[in-house]
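A.B. asks: For the sequence shown, the working numbering begins at 1 and goes up steadily by one.
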Amino acid sequence: MPLREQQLQTYADLLRQGELVVFPTETVYGLGASAWNAKAVRKIFETKGRPADNPLIVHISNVDMVKQFTPSVSARVKLVMQKFWPGPLTLILRKKEEVPDIVTAGLDTVALRMPNHPVALQLIELSGPLVAPSANKSGRPSPTRPEHIFADYGKKLPVIDGGPCNIGIESTVLDLTQNPPLILRPGNITAADIHSACGFLPRIITAKEATEAHKPKSPGMKYAHYAPKARVAWFDPDQSLPDSPKALVLCHSSAPQLPDGFKGLFRNGDFTTFAQELYNNFRQADAEGFPLILIEKFAPQQLINDERLISLHNRISKATGKAD
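1) Report yes if the C-beta distance between residue 131 and residue 162 is below 7 Å; otherwise report no.
2) Distance, Cα to Cα, residue 29 vs residue 237?
3) Taking 6 Å as the cut-off, is the CB of residue 216 close to at least one heavy atom of the ligand MG?
4) Contact check, residue 89 vs residue 189 under 8 Å by CB: the rounded distance?
5) Just verifying my parser: in three-state terms, what is the DSSP assignment at residue 147?
6) Around the Cβ of residue 204, are there at least 16 other Cβ atoms within 10 angstroms (buried) or fewer (exposed)?
7) Is the segment 314-321 close to the segment 226-235, with three or more CB pairs under 8 Å?
8) Give the DSSP-derived three-state secondary structure of residue 165 in the structure shown.
9) Roughly how many angstroms separate the alpha carbons of residue 18 and residue 42, rounded to a whole number?
10) Measure the C-alpha to C-alpha separation of residue 283 and residue 294 and round it to an integer number of angstroms.
11) Straight-line CA distance for residue 23 to residue 257?
12) Could you check how far apart the C-beta atoms of residue 208 and residue 55 are, in whole angstroms? I think they sit under 8 Å.
13) Would you report the Cα separation of residue 248 and residue 233, rounded to the nearest angstrom?
14) For residue 281, which residues from the same chain have a beta carbon less than 8 Å from its beta carbon, with the 5 sequence-adjacent residues on both sides left out?
15) Looking only at its own chain, which residues have a Cβ that is under 6 Å from the Cβ of residue 307, when we skip the five neighbours before and after it?
16) Between which residues of its own chain and residue 115 is the CB-CB distance below 7 Å, once the five residues before and five after are set aside?
17) Since residue 193 is in the beta strand (DSSP E), which residue starts that stretch and which ends it?
18) Let's see if you can read the secondary structure: which residues bound the beta strand (DSSP E) around residue 22?
19) Could you tell me the alpha carbon to alpha carbon distance between residue 288 and residue 32, rounded to whole angstroms?
20) Just confirm the distance between the C-beta atoms of residue 276 and residue 167, as a whole number of angstroms; I'd bet it's less than 8 Å.
21) Using the three-state DSSP reduction, which class does residue 134 fall into: helix, strand or coil?
22) Which whole-angstrom value describes the C-beta separation of residue 290 and residue 246, a residue pair presumed to lie in contact below a C-beta threshold of 8 Å?
23) What ranges does the alpha helix (DSSP H) occupy inside the segment 83-132, keeping only unbroken runs of at least 4 residues that lie completely in it?
24) I believe residue 165 touches residue 79 by the beta-carbon criterion, under 8 Å. Please report the beta-carbon distance rounded to the nearest angstrom.
25) Hey, how far is the Cα of residue 34 from the Cα of residue 11?
26) Just confirm the distance between the C-beta atoms of residue 187 and residue 169, as a whole number of angstroms; I'd bet it's less than 8 Å.
27) Output needed for residue 95: all residues of its chain with C-beta closer than 7 Å, excluding positions within five of it in sequence on either side, in chain order.
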């Protein structure tokens, strides 16, 4: 048995014993617990300070595991799984009665995802299905590096170090219990991607619909998320920057002239890196004592031309405290 598999077996044993383990995925780091152990799942809510009506995503390592959680798998569901799993797409399906209510926040639906990360897949094969929200304190930026978990929890949690996450933004959530299907949370897989691969076009719910949801079906809908301690605000590169003694400025086009005390990070149209580094930049700003993070606005045409920017716009708007 290779050393890595031996190490993963140790973590899998902890999970089977009802402990929590932080593990990497391609999107963000997850705080894992056995999906069938309600007592262990309760520890997630206690550890994160997570609202009890915020459902969790069940992570699986093979398609056969889906049958444990949903009574039937339609041809449409099979097609979506075939096209996008493993990958950053969570599916909302009808749940079996035996799925613990604490996993689904008492809803009659369950959220399922197969992550596209070798460590996550190996761990789940050894441990069984895992519920795993992002491994941050509730409301804080999602962790995309191991040091982010240590910043939130110290050394209290076992952490599997997988290095920086490849995508850096949480998964797309697609509700397949509705017709037409709904995107409850935008992510790296877009409505256009789903339309092209599967022949149907899901509707993306509005930020207003998400925040007003009485019983959210998906993480990232109802509650404040992704926010650093610093205030986050959009800025227009054609207008003057707001007054502040210091600020971290995130730009995706040309670099503006910055006053003293301002630090700029410029991506020059590289939105892949912009997404990968977003939460790390948020945490970096807090670590360096910046009271303000300014982020260059996306032009409306940019959001039309590249749907992937919708997920960035969603996360940043949530961090500003103004869903729009």
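A virtual CB, placed ideally from N, CA and C, is assigned to each residue, including glycine.
Nothing here was measured: the structure is a model prediction, and the numbers come from that model.
C.D. replies: Per the coordinate set shown:
1) no
2) 33 Å
3) Among the components modelled here there is no ligand, and therefore nothing to report on the ligand MG.
4) With a Cβ gap of about 5 Å, residue 89 and residue 189 count as contacting.
5) helix
6) buried
7) yes
8) coil
9) 10 Å
10) Roughly 14 Å separates the two Cα atoms.
11) When rounded, the distance between both Cα atoms is 40 Å.
12) So it is not a contact: roughly 20 Å between Cβ atoms.
13) 11 Å
14) 248, 250, 265, 293
15) 190, 192
16) 25, 26, 59, 86, 121
17) Careful: residue 193 lies outside any beta strand (DSSP E), inside the alpha helix (DSSP H) at 191-198.
18) 21-23
19) Spanning the two alpha carbons is a distance of roughly 30 Å.
20) 7 Å
21) strand
22) 6 Å
23) 101-104, 118-127
24) About 27 Å separates the two Cβ atoms, so there is no contact after all.
25) Residue 34 and residue 11 have their C-alpha atoms some 12 Å from each other.
26) About 6 Å separates the two Cβ atoms, so the contact holds.
27) 69, 70, 104, 108, 109, 110
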